[in-house]
DNA sequence: GTCTATATGTAGATAGAC
DNA sequence: GTCTATCTACATATAGAC
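Protein chains in written order, with my numbering: chain A, 14 to 216; chain B, 14 to 216.
Written out as structure tokens, the structure reads:
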């Protein structure tokens with residue numbers, strides 16, 4: 014019955030360690046040595062499980078990162094109004110990113126370096142995105158919201174959610190925020206972002 | 014009278030090349046070799062002008078990047094209303110970043126890696142930021158806008174301006190945008206971002 | 001100032017013992 | 001599977017000729 018997994022599974026330990034270091038330092042800034050140390054093993058074992066750095070990098074995503082996209086984009090699946098969908102999406106996004114605050118910066122960063130590698134990763138939320146865009150278009154036709162391009166609205170929502178995480182060091186510097194203050198700000202934005210958006214688009 | 018500058022100045026050529034490569038690849042991803050090639054010289058000369066990689070990196074900013082912050086934050090210096098200041102700021106930010114679309118990602122990236130290095134760089138706009146926050150507070154007290162934290166509004170404005178540049182590869186992938194389409198989108202946002210914001214905060 | 005040649009360190013990756 | 005020891009490549013940086 015058991016068999017493949019040992020105490021915790023070396024492969025899993027490596028993946029968790031690699032994920033942590035890659036997200037923090039990026040592909041170019043990551044040293045295999047550091048991943049090995051973080052996992053409590055040596056470099057040779059990394060190459061035993063994953064042939065090379067690139068495969069390790071890819072493995073990290075195959076093993077978990079992409080499920081998060083599904084989680085976020087699946088957040089509003091049961092919402093029947095546009096406004097409730099926006100609220101659900103914002104809450105899901107902020108909650109998820111609070112657990113991995115460096116993830117947004119990491120993703121845009123690596124996507125900028127090599128868009129091919131993570132394209133399938135993005136496509137996970139494709140249907141949900143299409144559905145959201147339809148909801149916007151329908152709300153517009155019913156006259157519930159002003160005349161705004163669905164794409165534009167989506168970009169704005171993503172911007173308001175992601176940017177505080179991406180620009181966190183700058184915000185921390187400008188406004189003198191520590192970790193606790195940052196979390197409080199994000200918690201408040203769970204409410205204020207939907208309010209900000211809905212005030213702007215409501216007819 | 015002339016004297017220090019030659020045909021174009023080797024130091025300037027190096028700085029321009031370094032700037033280009035650093036912004037594209039980041040500190041960790043940049044190879045001195047690549048900078049030398051880009052500048053049309055050899056590696057040794059880089060070390061002759063700038064002792065090491067770190068100093069070259071610093072030199073790039075001392076030589077030009079920080080002035081851009083001043084340009085953006087000085088954009089609304091003659092605006093007497095909050096709404097006109099927002100319009101001026103958004104226009105200045107987008108126009109500037111269209112010239113260096115990779116700059117926003119680069120800045121947040123390096124700031125995340127080492128916040129000390131670029132802190133003085135951020136401080137350039139400090140007074141202007143303070144003035145902007147005062148304008149928001151005053152407009153709020155006059156009842157022209159709703160009850161919103163000045164800081165929060167500033168974060169939202171920055172988010173709406175910067176995020177399309179930062180997440181450009183993702184947007185390009187999702188919406189199938191080429192360079193020309195991206196520029197058109199930014200041009201439209203010069204109008205739509207201020208509208209979006211002002212609709213949201215106007216009493 | 002600018003080059004070639006080289007020193008020095010360290011990265012990713014492999015060989016082979018256990 | 002896991003380790004130590006090592007190979008190879010390449011990055012930063014320097015020495016020294018011109």
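Cβ atoms here follow ideal geometry from the backbone N, Cα and C, with glycine treated the same way. Here the structure is a predicted model, which means the values were calculated and not measured.
9 Å Cβ cutoff, residue i in contact with chain B
| i | result |
| --- | --- |
| residue 181/A | yes |
| residue 122/A | yes |
| residue 212/A | yes |
| residue 71/A | no |
| residue 55/A | no |
| residue 22/A | no |
| residue 202/A | yes |
| residue 209/A | yes |
| residue 168/A | yes |
| residue 115/A | yes |
| residue 19/A | Confidence in residue 19/A is poor, its pLDDT being 45 and thus under 50, which makes the residue's placement unreliable; the coordinate value appears in the next sentence. Not an interface residue. |
Pairwise C-alpha distance: residue j and residue i
| i | j | result |
| --- | --- | --- |
| residue 10/A | residue 100/A | The first residue shown for chain A is 14 and the last is 216, placing residue 10/A beyond what the model contains. |
| residue 177/B | residue 168/A | 7 Å |
| residue 44/B | residue 172/A | 32 Å |
| residue 15/B | residue 191/A | Low confidence applies to residue 15/B: its pLDDT is 40, below 50, so where it sits in the model is not reliable, and the reading given next is rough at best. Spanning the two alpha carbons is a distance of roughly 50 Å. |
| residue 42/B | residue 104/B | 32 Å |
| residue 51/B | residue 26/B | 9 Å |
| residue 7/A | residue 125/B | Chain A is shown only over 14 to 216; residue 7/A falls outside these bounds and no answer can be derived. |
| residue 30/A | residue 49/A | 8 Å |
| residue 18/B | residue 195/B | In this predicted model, residue 18/B has a pLDDT of only 43, less than 50, meaning its place in the structure is not dependable; the value taken from the coordinates is given anyway. Distance between the alpha carbons of residue 18/B and residue 195/B: 38 Å. |
| residue 5/B | residue 65/A | Lying outside 14 to 216, the shown extent of chain B, residue 5/B is not represented and no answer is given. |
| residue 129/A | residue 108/B | 29 Å |
| residue 28/B | residue 123/A | 25 Å |
| residue 92/B | residue 209/A | 24 Å |
| residue 94/A | residue 148/A | 8 Å |
| residue 154/B | residue 212/B | 18 Å |
| residue 137/B | residue 87/B | 10 Å |
| residue 118/A | residue 174/A | 12 Å |
| residue 121/B | residue 182/B | 16 Å |
| residue 106/A | residue 143/A | 17 Å |
| residue 68/B | residue 74/B | 10 Å |
| residue 200/B | residue 114/B | 13 Å |
Within-9 Å CB hit, residue i to chain A
| i | result |
| --- | --- |
| residue 175/B | yes |
| residue 132/B | yes |
| residue 118/B | yes |
| residue 128/B | yes |
| residue 33/B | no |
| residue 66/B | no |
| residue 99/B | no |
| residue 135/B | yes |
| residue 96/B | no |
Within chain A, partners of residue i - CB distance below 8 Å
| i | result |
| --- | --- |
| residue 171/B | 176 and 180 |
Residue i - partner residues in DSSP beta bridges
| i | result |
| --- | --- |
| residue 210/B | Per DSSP, none; premise fails for residue 210/B. |
| residue 230/B | The first residue shown for chain B is 14 and the last is 216, placing residue 230/B beyond what the model contains. |
| residue 215/A | 158/A |
Per-residue contacts from residue i into chain B (C-beta, under 9 Å)
| i | result |
| --- | --- |
| residue 89/A | Under the 9 Å cutoff, chain B gives no residues; its nearest Cβ is about 17 Å from residue 89/A. |
| residue 103/A | None at all; the shortest Cβ gap to chain B is about 13 Å. |
| residue 142/A | 187 |
Under 7 Å by beta carbon: chain A residues contacting residue i
| i | result |
| --- | --- |
| residue 205/B | 165 |
Interface residues of chain B facing residue i [CB-CB closer than 7 Å]
| i | result |
| --- | --- |
| residue 41/A | 39, 41 and 42 |
Using a Cβ-Cβ cut-off of less than 7 Å, give me the residues of the segment 185-198 of chain A that come near chain B, in sequence order. Within the segment 185-198 of chain A, the residues whose Cβ lies closer than 7 Å to any Cβ of chain B are, in chain order, 186, 187 and 188.
Of the residues that make up the segment 150-161 of chain B, which ones have a beta carbon closer than 7 Å to any beta carbon in chain A? Listed in chain order, the positions of the segment 150-161 of chain B with a beta carbon within less than 7 Å of a beta carbon of chain A would be empty, since no residue qualifies.
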